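Be aware that the sequence shown starts at 14, since it is given in the working numbering, and climbs by one per residue. We put the CB at the ideal spot given by N, CA and C, even for glycine. This structure is a prediction, so every number in the text was calculated from the model and none was measured.
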Amino acid sequence: MKAEPKPPEPGLRMGKTSVEETPAAADPFLKKMAAAFTDGILRRGVDNRYLVLKVNTVQNEGSQEKHLIITAAQSLEDQELCILRDEWDDLSVEPGDIIHLEGEYKADAWIIDKDFGYLILYPDMLISGTSVANSIRCMRRAVLNENFRSCDSSSHQMLIGTVLHEIFQKAINDSFTQEKLQELALQTIQEIKHLKEMYYLNLKEDVFKQEIEDYLPSFSKWAEEFMHGPMSADLPMMQQTLLSDRNKNESPYRIQVTEALDIEENIWSPRFGLKGKIDVTVNVKIHRGSKATCRVMPLELKTGKESNSIEHRSQVVLYTLLSQERRADPEAGLLLYLRTATMYPVPANRLDRRELIKLRNQLAFYLSHSVTKSIAEKEQTQLTPLPPVINDSFACKYCSQTYNCALYSRAVEQPMDKSLAAGATLPKIEKMTQHLKYSHLQYFSLWYLMLTLESQSKDTRKSHRNIWLMSAAEREKTGDCIGNLMRTEDVQTICNGQYLHTFQHKHGTIPNTNLMTGDRVMLSGEERRLLALSSGYVKAITRTTVTCLLDRNLSKLPRVTLFRLDHEERIGGIETPLGNLSKLMENTPVSEKLRDLIIDFREPQFIQYLSSVLPHEAKDTVANILKGLNKPQRQAMKKVLLSKDYTLIVGMPGTGKTTTICALVRILYACGFSVLLTSYTHSAVDNILLKLMKFKVGFLRLGQTQKVHPNIQKFTEEEICREKSIKSLTSLEELYNSQPIVATTCMAINHPIFSRKRFDFCIVDEASQISQPVCLGPLFFSSKFVLVGDHLQLPPLVLNSEARGLGMSESLFKRLEQKQNAVVQLTVQYRMNSTIMSLSNKLVYEGKLECGSDRVANAIVSLPFLKNVMLDLQARTDHSQTSWLKEAFEPNNPVCFLNTEKIPAPEQAEKGGVSNIIEAKLIVFLASVFIKAGCNPLDIGIIAPYRQQLKIITHLLNHSSVNTVEVNTVDKYQGRDKSIILVSFVRSNKDGNLGELLKDWRRLNVAITRAKHKLVLLGCVPSLSQYPPLEKLLRHLHLEHKIFNLPLGAHESICQYNVR
């Protein structure tokens, strides 16, 4: 990247063309763009990012060109010209697009033509080299592969390839003798991850081992030919052009691989919009006559047919582009076919690179334009057609996306335009999807649209791009990064692919950070060339050290290397839900039954008599379990046992939902049924298992050990395999068959166990919080299912307002709840005293909730030192100003609303969000008094709807001695409780500005049902009365005389009071 001259003045001229610009200030579009790009994405330099302002097609001396008016300035005033010539003029680029330019800015323009420069469209969308290579024959398949990754399932040949790759990668740093290769082959096959894939594919271990061993002589042959000493005359001669077009030396040469520098080198390239893992990065000597030159090259391994195909060669060419992020341009790479030991040099000439970058741009364009906005704003957003279906029966026959291709065509494209599936492909599409009704196709297209809209709101690219577009120091300010880290101890190998690294800060203390144990992180070097070295999880974090479990061993890097750890947000992608949606549409008995029940609302069926399902030998055990349950819980057990299809259990607040599920699992286990226990979160799954443990019921917990509760980790597949030293397929099968109860999250349903194991029942906890396609996942693997939840509490979280309007926040629980004969309500609660319970009974549950006992109904908070604290408070403040204090802390007054209207306590709207500093101070004061009065800090919970308010409250608590009080959003408190709950509603303004969060009565219901003994609500009554749910609550509180007005300036004297 050369230094750039001063950008041209408006009115740019090149040759015989002229482009007149509209001044930025006069153009509404430019104003809109200026507002959209305020986060520092636009820049010049190596990682330049330009915003396209205008696109003009121009005729220049008989040739067509595209002229782009672009800017890298935040103000959009400093504009430049980019000219696309030759075949670049067919690039799909629009105003508002972000581009990266490779080349030089000279003669008042960027020139991108057949000989010079590259344009990368949406460079922050990193696309794998494999995806780009796969798009050569069929762009449609490449797009479907990105969206339906979970459908591109493992195959026998793929597993052979994976195992052979690993053997070769281990041998290149060791030895290629047959004896050593046999040893490495056995070690690799015995790894749990490969045994799991063999189980999934139903392979025989001895047969698979023989298939692997058949390749090993070729490994030795390759080593003899290409890893010899340089003087050996036996090195094979090569005639193909090795270097790029600039080097015209065509004389024969020999290649000698002298060293493997890296294995599975992970590279992100924000310059070329690519990412990938290079099989082996090798040091190569090229011998020509008596001369030898050295070069670092990518070596790509292939285990299939020796085709030297365009796809295989293209992958190597793309790896030469990726390599430039770390080192000098290799100008070529190597392609090795392991079956025959044949190695091809692959020159990376400009023509191939240019065409592959154009393909990458085309793929990026399709992935970024998956929906289209109608010109008429009132019409909803629509899905766009995919790239055209190719007419190649051979390619389609072996394509893993054939069904999804046909399904998308029938459900989405044909209703728009019949001609999109014209010709020879139409009968095939009709035949593959003929089992689907119109209602099924509608369900598929609607959910595909909603998932796509939501994925755009969740887009993780924005947080990803900050890793390369922002310095560690900038990212540290938001708490999403720790920079200036140095490795302190030797790297520990936990197992193949997991390495424990410990880092300390260059200046001693780790700065304040949001990173926590279990968070996913990306490790990079502080140097730009060491971007994205490895990913993993935070294992432990202290004031001085961070320990991480990473997927690569970085011990080869110098000790003085400075690293940065970035939080890598893994917001659930759409691959799993789309995969579930596709599976729901398959022509199988399981999918057909689920379509009937879920889409077409077939009535759920029930058996008449319990005696027909209850084994005689289990009756006493079941009777004993039922004795410990209340009447609604017993009804739930009976309903589940009698069901042929499904049961819904409504778990109202405090009604012992977890206890009920635990009892249900025990009963089903006693009856000899197998159970799949799931939920959306790891914590929800583990809460049930922690209870189940006490009853000596065995289970297998799937999932990554580090995400599982410490007390449950010994039941995880990973720990059991390690403890029992499982190294054979037979032992693994025994483990899978030994446990009738398996527990995992809804997102982990691609585990190999589900390929061969079917359960009698699937229980889904938190079902009312899970979106329909995610909830579907585990239901494919059971005969009957039980959904447990409460649609009057939190719904599935949907960020996109249009998706929400289309119905995405309707859970499967809510959808099926209309079938009343399948619903059981748990109404007896053991959490709230009667006063607190009356709020939700009045607002939401129509009086259905009841206290489990008088003890629950009359329970109050214990504050043994309250009298002394109140005397102390009154001595410090004007007595006439503090009458509200007695009501706020009185144990016999379980509910009170403190109105801040007169203080006043206005909200503050900042870039970080909405907050209210006076409310925050009052909340900390209230917590301080409760603690001084004798309440354990762990028994107090603080709730606020906005993260910015939580940050301020946490900051104030940390500077007091009350820092052990939990502060969280309503969503994080779902399913939990505290003795005392303090709620800060935050909103207080005179302009009627309403946020979305407080409009949801379900969120309010959760907030007011977390407290067992004392609920203190804090906010401005006039402002909050504008929210219908809160207006109803405030009306009720007013009638009950539970609202207390805080006087003018009430916070000024009392907020100084704190725990000493």
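Measuring C-alpha to C-alpha distances from N362 to each of V329, E338 and E920 identifies V329 as the nearest. Leaving aside the five residues that flank L1030 on each side, the residues in its chain whose CB is nearer than 6 Å to its CB run, in chain order, F910 and V996. Looking from the CA of G510, the closest CA among I725, E204, C1033 and K899 belongs to E204.
The straight-line gap separating the alpha-carbon atoms of T415 and C409 is approximately 6 Å. The C-alpha of V1019 is placed about 6 Å away from the C-alpha of Q806. Going by C-alpha positions, A553 is about 39 Å away from Y461.
Beyond the five residues adjoining it in sequence on each side, S468 comes within less than 8 Å, by CB distance, of G586 and I587 in the same chain, given in chain order.
Under a 10 Å Cβ-count criterion, T506 is classified as exposed, with fewer than 16 other Cβ atoms of the shown protein chains found around its own Cβ. Contact annotation: the region 175-186 touches the region 264-279, with at least three C-beta pairs closer than 8 Å.
Taking a cut-off of 8 Å on C-beta distances, the region 370-379 touches the region 145-161, as three or more cross pairs fall below it.
Burial of M650 is indicated by the presence of at least 16 other C-beta atoms within 10 angstroms of its C-beta. Residue environment for E540: exposed (fewer than 16 other C-beta atoms within 10 angstroms of its C-beta). Note that the C-beta distance between R844 and G954 is not below 8 Å.
Annotated three-state conformation of F938 is helix, per DSSP. As computed with DSSP, N912 is found in a beta bridge with G1032 and N1058.
The straight-line gap separating the alpha-carbon atoms of Y350 and E616 is approximately 57 Å. E115 carries a strand assignment under DSSP once its states are collapsed to helix, strand and coil. Its chain contains N497, L498, M499 and L575 as the residues whose beta carbon lies nearer than 8 Å to that of K519, once the 5 sequence neighbours on both sides are disregarded; these appear in chain order. Between H1054 and V874, the C-beta gap is not smaller than 8 Å, which leaves the two residues out of contact. Check the Cα spacing between P398 and each of P428, P786, V71 and I149: the tightest is with P428.
Straight-line spacing of the CA atoms in I662 and Q833 works out to 11 Å.
Among the bridge pairs identified by DSSP, V384 is matched with L396. Its Cα nearest to that of Y858, the residue R1015 stands out among V869, I754, E224 and R1015. Given a length threshold of 4 residues, each whole run of the alpha helix (DSSP H) inside the region 744-832 is given here in chain order: 785-792, 814-819 and 825-829. Under the DSSP assignment, H80 falls outside any alpha helix (DSSP H), being part of the beta strand (DSSP E) whose first and last residues are S76 to T84. Counting along the chain, the unbroken alpha helix (DSSP H) around D699 starts and ends at H695 to M706. Boundaries of the beta strand (DSSP E) around G496: C494 to R500. Secondary-structure assignment with DSSP links F619 through a beta bridge to S656. Counting only runs of 3 or more residues that sit fully inside the region 125-149, the beta strand (DSSP E) segments are 131-134, in chain order. Rounded to whole angstroms, the separation of the alpha carbons of Q831 and K861 is 18 Å. Collapsing the DSSP output to three states places H518 in a strand. The DSSP-derived three-state label of H453 is helix. With fewer than three CB-CB distances shorter than 8 Å, the region 115-123 does not count as touching the region 71-79. No Cβ-Cβ contact shorter than 8 Å links G802 with C759.
In the three-state reduction of the DSSP assignment, P590 falls in the helix class, which pools H, G and I. Check the Cα spacing between G130 and each of R366, N158 and S687: the tightest is with R366.
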